[in-house]
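Let me begin by presenting the structure, written as structure tokens, before commenting on it.
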Amino acid sequence: AITSVTTQTHQQFEIIVVDDGSKDDTAAVCREFGGNVQYIRVERVGLPAARNIGAQYASGDYLVFLDADDFLYAEALQINLYFFDYYPAAVMVSGGHDRISQTGELLSTHPGRTVTDDNYEALLQGNYIAMEGAAMYRRELFPHFHFNTRLPACEDYDLNLRISSILPVFGHDKIVAAYRMHAGNMSANKSRMLNWALQVLQSQKPRLKNKEERAAWQQGLINWKQHYGTQ
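Offset between the sequence shown (1-based) and the working numbering: plus 344.
Spelled out as structure tokens, the structure:
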């Protein structure tokens, strides 16, 4: 993940690594990059809290959240920044991603969805962003929004629903990132992911403002069950 940031075509960035009690050599890896990486060690706070901590330490204007299994393609930052210029009202921009094997074989491609209007309705029907590393946020969001630390999964879907319900976001179809699949991936646990996706969607029910949003919400219940399979 770190190397994929250092090789970006857009070279104005900071890297903050929040190490949530890992047993590997994360600290040593960060030291190899010298002063280019800010390393923060925490003890088992969970993924949502670790992301919130990273956002608190960030000083740039935009944020991208990468997990250990993620990496960015070389033009990812440049592409997402371009779309912020193209659609300056947006507080979040997102593209598509690839899924690859542990050996680097391309397993599937998930193009981003081009969405400018009705973003909330689109997300109610399903998480078209799918990979958090394919999204970029304005940092100014994060005093007001945060990842829900009570959610052990789907915290990105929850955040993006809450943001898009009240603020403009923009989706494009460029592939900007990749996600490495292996047996331990949380997203590989279908029953767990279905459970939390449906809970996140249920939490949106009080926010629905019109019949279009209610219809999108109902369709989302169907789509998630089809995506993960009825358990």
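Where is the CB? At the ideal position from N, CA and C, for every residue including glycine.
These figures come from a predicted structure and were not determined experimentally.
(request) Closer than 7 Å by C-beta to A394: which residues in its own chain qualify, once you throw out the five before and the five after it? Chain order, please. (result) Taking the sequence shown and counting its residues from 1, the one referred to as residue 394 is at position 50. These residues qualify, in order along the chain: V362, D364 and V386.
(request) Compare the Cα-Cα distances from F514 to each of Q570, L467, E449 and I360 and report the closest residue. (result) Locating residue 514 in the sequence shown gives position 170, counting from the first residue. Ranking Q570, L467, E449 and I360 by Cα distance to F514 puts L467 first.
(message) Between D413, Y406, Y417 and D411, which has its C-alpha nearest D429's C-alpha?
(response) Here residue 429 is taken as the residue at index 85 of the sequence shown, counted from 1. Taking only the C-alpha atoms, the option nearest D429 is Y406.
(request) Entirely within the region 409 to 445 and at least 4 residues each: give me those alpha helix (DSSP H) ranges in chain order. (result) 420 to 430
(request) Take R494 as the anchor and find which of P392, Q355 and K367 has the nearest alpha-carbon. (result) Counted from its first residue, the sequence shown places residue 494 at position 150. It is P392.
(request) Let me know the secondary structure DSSP gives I473 once reduced to three states. (result) The residue you call residue 473 lines up with position 129 of the sequence shown. Reduced to three states, the DSSP call for I473 is coil.
(request) Examine the Cβ distances between the region 454 to 473 and the region 564 to 574 and report whether three or more of them are shorter than 8 Å. (result) yes
(request) Within the region 443 to 513, note down every full alpha helix (DSSP H) run reaching 4 residues or more, in order along the chain. (result) 463 to 468 and 499 to 508, all fully within the region 443 to 513.
(message) Tell me the DSSP secondary structure of G378 in three-state form.
(response) If you number the sequence shown from 1, residue 378 lands on position 34. If DSSP states are grouped into helix, strand and coil, G378 belongs with the helices.
(request) Measuring only between beta-carbons, confirm whether H571 sits less than 9 Å from chain B. (result) Here chain B cannot be found, since the structure has a single protein chain.
(message) As a quick exercise: from S445, F427 and R443, pick the residue whose alpha carbon is nearest that of V437.
(response) Locating residue 437 in the sequence shown gives position 93, counting from the first residue. Comparing C-alpha distances from V437 to each of S445, F427 and R443 shows the shortest one belongs to F427.
(request) Measure the C-alpha to C-alpha separation of A559 and V435 and round it to an integer number of angstroms. (result) The sequence position of residue 559 within the sequence shown is 215, counting from 1. The sequence position of residue 435 within the sequence shown is 91, counting from 1. Taking C-alpha positions only, A559 is separated from V435 by approximately 25 Å.
(request) In the DSSP assignment, find the unbroken alpha helix (DSSP H) run with V349 in it and report its ends. (result) As a first step, residue 349 is located in the sequence shown; it is residue number 5 there, counting from the start. Its alpha helix (DSSP H) spans residues I346 to T350.
(message) Here's the rule I'm using: 16 or more other beta-carbon atoms within 10 Å means buried, otherwise exposed. How should S366 be labelled?
(response) By 1-based counting over the sequence shown, the position of residue 366 is 22. Burial call: exposed.
(message) To the nearest angstrom, how far is the alpha carbon of I519 from that of H526?
(response) Position 175 of the sequence shown, counted from the first residue, corresponds to residue 519. Position 182 of the sequence shown, counted from the first residue, corresponds to residue 526. Distance between the alpha carbons of I519 and H526 is about 21 Å.
(request) Name the residue from L538, S508, M537 and S452 whose alpha carbon lies nearest to the alpha carbon of A522. (result) Along the sequence shown, read from residue 1 onward, the residue named residue 522 stands at position 178. Taking only the C-alpha atoms, the option nearest A522 is S452.
(message) Excluding the 5 residues flanking V349 on each side, which residues of the same chain have their C-beta closer than 7 Å to its C-beta?
(response) Residue numbering aside, residue 349 sits at position 5 when the sequence shown is read from its first letter. Around V349: F357, I359 and L416.
(request) Under 7 Å Cβ to Cβ from R551, same chain only, skipping five residues before and after it: list those, please. (result) For the purposes of this step, residue 551 is taken as residue 207 along the sequence shown, with counting starting at 1. Within the same chain, R551 has close Cβ partners S509.
(request) Give the range of the beta strand (DSSP E) segment to which V361 is assigned. (result) Here the question's residue 361 lines up with position 17 in the sequence shown. Counted as a single uninterrupted DSSP element, the beta strand (DSSP E) harbouring V361 occupies residues I359 to D364.
(message) Can you tell me whether Q575 is buried or exposed? The criterion is at least 16 other CB atoms within 10 Å of its CB, across all chains shown.
(response) Counting from 1 along the sequence shown, the entry for residue 575 is found at position 231. Since pLDDT at Q575 reaches only 40, below the 50 mark, its modelled position is unreliable, and the value read off the structure follows with that caveat. Label assigned to Q575: exposed.
(message) Using a Cβ distance threshold of 8 Å, determine whether the region 543 to 550 contacts the region 439 to 454, with at least three qualifying pairs required.
(response) no
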